[in-house]
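Enquirer:
Residue numbers (my numbering), protein chains in the order written: chain A, 4 to 501; chain B, 571 to 1081.
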């Protein structure tokens, strides 16, 4: 292995240690708790930036700990992992601000913020995992650390949603476990990026490898909410808004989508996966999920539920892009990890702001909300245009690359799926904008929270503005060096060179 | 054998707890508890010293009174025994600390039960003796010491339910011991030796050996509460006092499993068939499914935890089909043996830590609420976050999610299953995990729900909650030295060994 560095461990520790410390605090020590949380979040962003800079200079960071014979805990920084780690650490910082504002005066905040930190630890652990086993460890840790967040409010509704969430994710984890052990027995310990091992087994064990691929895909597909494994996502909507942001943008669904990219490119390798014809079923499933999620979203009146089905749809862009062979579509898939994240988190922040400030949870209640909350709804509007795929917002870039890649690979039907999805996105998102900006408010409403001169609490407002602007910037400056697109492009090119 | 380094430590590991137990009998209530606790901590400390000594010098022996076997008694502490003794010491020390505060807190209400201490020390001496013994009759004596002190501990509370359960426990224990003794007598009659090493060489295949194997296995399975002989365990373990439940489930049932494992791999090689291994594996798989399902159906916390033990012990039996090799497979070519052994050792340790933690948490809840009905656990996460955390961690280890000790066990078991090509065991392992998730989260789910009716929560000493949490954490921490531990164990002759069977039909097909 390369030089050993504790930096990857520090990146994990920057959220894990605050989490542990928060558990030992008293419930009423909210100032210290917020400090620990923000300190951890800032430290994580700084560490990731530091490692990023180092990686750009060509340095390598790895940490290896042998647990048992042929069973090693391995952290290794590569560009793809770093890309995901940057996304989660930046969005964690923003979401922490938001959560502090959102939960002000709420119950059980100690537990909430502790598990919130564990959740991000798991997400960054997934990003930095160097081998399949470490990935699996953090993948399961993510399930466990999100459960208390999903049931946070403690209502029967939330507790039942938590049960559904667990059945899906533990079931998925079990299937993934089976696949991981099977792969381990067949091919030995697999480190990401070392695809030679599988490639050498293709001719000998095609059936086993195919079965294992689909077992692991099913395990990852649960978190990535691929049809028909998406059922938990809309139900988990009962969780508080920062948790939804975490589930939909920062950690959980991203872990699944990221895992699929890892599985296809860094475990099996695009050649082996192509030879065994593993990618066509994935592409078809992803394409179907894109349309299915959008159609379901049309019928939801609950604001967050509509957003949830939209996530189901948008997330499969990543799976679709990963399944189409070609640098351009892979670039689209990878960049959409970030683009979907910042756009969807903006939407959930906005929905949370509306619900917290005025108590509106249904779309039919949103008439005229844009006039009362111009900044929130302005950011939301940017995100909506991005999701539909209008230039120059982030979502356009993703779709453009996915479309180009599909044409390049000769899969013209994908373009139709993308266009259909855009039309559906417009059909379920634009009515919200119409109500918000062009309809008269039904009645006078008084904010439920102290808002001062602003439209809502400052801690709720800042995050949504930041992520809204990020969505715009990621599109506008896509061509510049250091933009998500240029990095994704570099990663994709490297994946194909191997 | 005599060229192994000798040390008085093995003898002290048995002698010290007996001495302290006897000493404590001379004291009254408070003094008895104090002497008992000191005895426990000393025994634990001595065990760790002995463990360290074995890592340094390798297998240690001690010959009692200087008489060579077969006349005298030889105590032998190899790495496998050292790991079991170390585990007993770690779990035992935590439970002793818990018991100290537990009985103190209930002193005013007549819940001090000072007899706990001598009985527990006798039990500990029996366990250490069992891990160190090297001949079948000594093993029988230690089984009896363990059985009698365990039954006495189980009925310590004097409650009617505990007495009934204890009676069943006693009958099962006697039946198991008798079957074992009968088998031992048969072996002695045919070979004239009781020493495990000599017996393994002297034993000839034949109907007498097969019958001895059958009754010994049967007896030990009854005592290990293996399916379908598990009936006595849930009532006995769930009706005992909290520290006793923890001891019974974490340590007592592991003793007879240890003997079963040793006898199958060291003694009965000649008359074992592949089918016998498969059959005992089937009992294990059935225990995993049935026990987990029963645990899922219970309405009282301690019964959930007790039924879960039946399932978790089932995983231990599932390593036997991996150890008993198919005809024609040699131990040298079977690359899954080390995985199977690691799975067994890790399952024993993870279950010991996690299950004792779970029972101690249940004791805390009973202390706070006065009962352990699951539907009353609402709001627990707000009231006692530390205990919920402990149950959560212990539960995760029982389910086998990473990075717990239970995960290491399941990983190794599944790896062994795939490597040996006996994939038909995999569904039971995975179904067991899913069911375990079901019963663990059925408890945790309610803990997060808001209180439905008004309940009075009596205060519980923080020390008790801390001990339960530390035990749960320990079930995770054992993963980190795994690499070192496996290397250490591999220096043990028995670890990683397999049973080569001759041809199909070498025995009568039944065990």
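Even for Gly, the Cβ is constructed at its ideal location relative to N, Cα and C.
Let me know the secondary structure DSSP gives residue 987 (chain B) once reduced to three states.
Expert: Correct three-state label for residue 987 (chain B): helix.
Enquirer: Near residue 717 (chain B), what residues of its chain come up, given a Cβ to Cβ distance below 6 Å and the 5 sequence neighbours on each side ignored?
Expert: Within the same chain, residue 717 (chain B) has close Cβ partners 743.
Enquirer: By the criterion of Cβ-Cβ separation under 9 Å, what are the contact partners of residue 147 (chain A) in chain B?
Expert: 962, 966, 971, listed in chain order.
Enquirer: Let's test the definition: count the other Cβ atoms within 10 Å of the Cβ of residue 995 (chain B) and tell me whether it reaches 16, buried, or not, exposed.
Expert: Burial call: buried.
Enquirer: I'd like to know whether the C-beta of residue 1015 (chain B) is nearer than 8 Å to at least one C-beta of chain A.
Expert: Taking Cβ atoms only, chain A reaches closer than 8 Å to residue 1015 (chain B), which makes this a yes.
Enquirer: Determine the chain A residues that contact residue 978 (chain B) at a beta-carbon separation under 9 Å, and present them in chain order.
Expert: Per Cβ cutoff of 9 Å: 70, 71, 74.
Enquirer: Which ranges would you report for the beta strand (DSSP E) in the segment 614-660 of chain B if only whole runs of at least 3 residues count?
Expert: Listed in chain order, the complete beta strand (DSSP E) runs (minimum 3 residues) inside the segment 614-660 of chain B are 630-633, 644-647.
Enquirer: Where does the unbroken alpha helix (DSSP H) through residue 65 (chain A) begin, and where does it stop?
Expert: Looking at the DSSP string, residue 65 (chain A) is not in any alpha helix (DSSP H); the run it does join, the beta strand (DSSP E), is 65-71.
Enquirer: Run the CB neighbour count on residue 867 (chain B), radius 10 Å, all protein chains shown included, and call it buried at 16 or more, exposed below.
Expert: Residue 867 (chain B) is exposed by the Cβ-count criterion.
Enquirer: From which residue to which residue does the beta strand (DSSP E) around residue 596 (chain B) run?
Expert: Premise fails: residue 596 (chain B) is in no beta strand (DSSP E) and is neither H nor E.
Enquirer: State yes or no: is the beta carbon of residue 928 (chain B) nearer than 8 Å to at least one beta carbon in chain A?
Expert: Taking Cβ atoms only, chain A never reaches closer than 8 Å to residue 928 (chain B), which makes this a no.
Enquirer: Within the continuous beta strand (DSSP E) that includes residue 78 (chain A), where are the two ends?
Expert: First-last of the beta strand (DSSP E) with residue 78 (chain A): 74-79.
Enquirer: Give me the subset of the segment 998-1032 of chain B whose CB atoms are less than 7 Å from a CB atom of chain A, sorted by chain position.
Expert: Residues passing the 7 Å Cβ filter: 1000, 1003, 1004, 1007, 1011, 1015, 1018, 1019, 1020.
Enquirer: Using only CA atoms, which one of A:412, A:192, A:350, A:470 lies nearest to residue 69 (chain A)?
Expert: Comparing Cα-Cα distances from residue 69 (chain A) to each of A:412, A:192, A:350, A:470, the minimum goes to A:192.
Enquirer: Whole angstroms is fine: what's the gap from residue 651 (chain B)'s alpha carbon to residue 780 (chain B)'s?
Expert: Cα-Cα distance, rounded: 27 Å.
Enquirer: Can you give me the C-alpha to C-alpha distance between residue 114 (chain A) and residue 353 (chain A), rounded to a whole angstrom?
Expert: Distance between the alpha carbons of residue 114 (chain A) and residue 353 (chain A) is about 25 Å.
Enquirer: Just the Cα atoms here: how many angstroms apart are residue 1079 (chain B) and residue 778 (chain B)?
Expert: A caution first: residue 1079 (chain B) carries a pLDDT of 41, below 50, which makes its placement in the model unreliable, though a value can still be read off. One C-alpha to the other measures close to 14 Å.
Enquirer: Between the C-alpha atoms of residue 674 (chain B) and residue 147 (chain A), what's the straight-line distance to the nearest angstrom?
Expert: Residue 674 (chain B) and residue 147 (chain A): Cα-Cα distance of roughly 36 Å.
Enquirer: When you compare only the Cα positions, how much space is there between residue 45 (chain A) and residue 96 (chain A)?
Expert: The alpha-carbon atoms of residue 45 (chain A) and residue 96 (chain A) are separated by roughly 7 Å.
Enquirer: For residue 194 (chain A), name the three-state secondary structure that DSSP assigns.
Expert: It is a strand residue.
Enquirer: What residues are listed by DSSP as bridge partners for residue 445 (chain A)?
Expert: Per DSSP, none; premise fails for residue 445 (chain A).
Enquirer: Counting pairs of Cβ atoms below 8 Å between the segment 224-231 of chain A and the segment 267-281 of chain A, do you hit three or more?
Expert: As far as the Cβ criterion goes, the segment 224-231 of chain A does not touch the segment 267-281 of chain A, which means the pair count is below three.
Enquirer: Does the Cβ-Cβ distance between residue 658 (chain B) and residue 697 (chain B) come in under 8 Å?
Expert: Result yes, Cβ atoms of residue 658 (chain B) and residue 697 (chain B) sit closer than 8 Å.
Enquirer: Where does residue 7 (chain A) sit, in a helix, a strand or coil, going by DSSP?
Expert: Strand, per DSSP.
Enquirer: For residue 81 (chain A) and residue 197 (chain A), what's the separation of their Cα atoms in angstroms?
Expert: Near 13 Å, if we compare the C-alpha coordinates of residue 197 (chain A) and residue 81 (chain A).
Enquirer: Alpha helix (DSSP H) containing residue 496 (chain A): first to last residue?
Expert: Start and end: 487-500.
Enquirer: Mind listing the chain A neighbours of residue 1049 (chain B)? Cutoff is C-beta to C-beta under 9 Å, in chain order.
Expert: 70, 71, listed in chain order.
Enquirer: If we ignore side chains and look at the alpha-carbon of each, how far apart do residue 244 (chain A) and residue 351 (chain A) end up?
Expert: Cα-Cα distance, rounded: 6 Å.
Enquirer: For chain B, is any of its Cβ atoms less than 8 Å away from the one on residue 479 (chain A)?
Expert: Not an interface residue.
Enquirer: Do we get a CB-CB distance below 8 Å when we pair residue 955 (chain B) with the residues of chain E?
Expert: The structure shown contains no chain E; its protein chains are A and B.
Enquirer: Kindly list the residues whose CB is nearer than 7 Å to the CB of residue 300 (chain A), restricted to its own chain and excluding five residues on each side of it in sequence; keep chain order.
Expert: Same-chain partners within the cutoff: 309, 312, 313, 316, 431.
Enquirer: I believe residue 594 (chain B) touches residue 605 (chain B) by the beta-carbon criterion, under 8 Å. Please report the beta-carbon distance rounded to the nearest angstrom.
Expert: That belief holds up - the Cβ atoms of residue 594 (chain B) and residue 605 (chain B) are roughly 4 Å apart, short of 8 Å.
Enquirer: Where does residue 402 (chain A) fall in DSSP's three states?
Expert: Residue 402 (chain A): helix per DSSP, three-state reduction.
Enquirer: Cβ atoms of residue 671 (chain B) and residue 603 (chain B): under 8 Å apart, would you say?
Expert: No.
Enquirer: Between which residues of its own chain and residue 591 (chain B) is the CB-CB distance below 6 Å, once the five residues before and five after are set aside?
Expert: Same-chain partners within the cutoff: 688, 691, 692.
Enquirer: Can a CB atom of chain A be found closer than 8 Å to the CB of residue 793 (chain B)?
Expert: Chain A, which has no Cβ nearer than 8 Å to the Cβ of residue 793 (chain B), makes this no.
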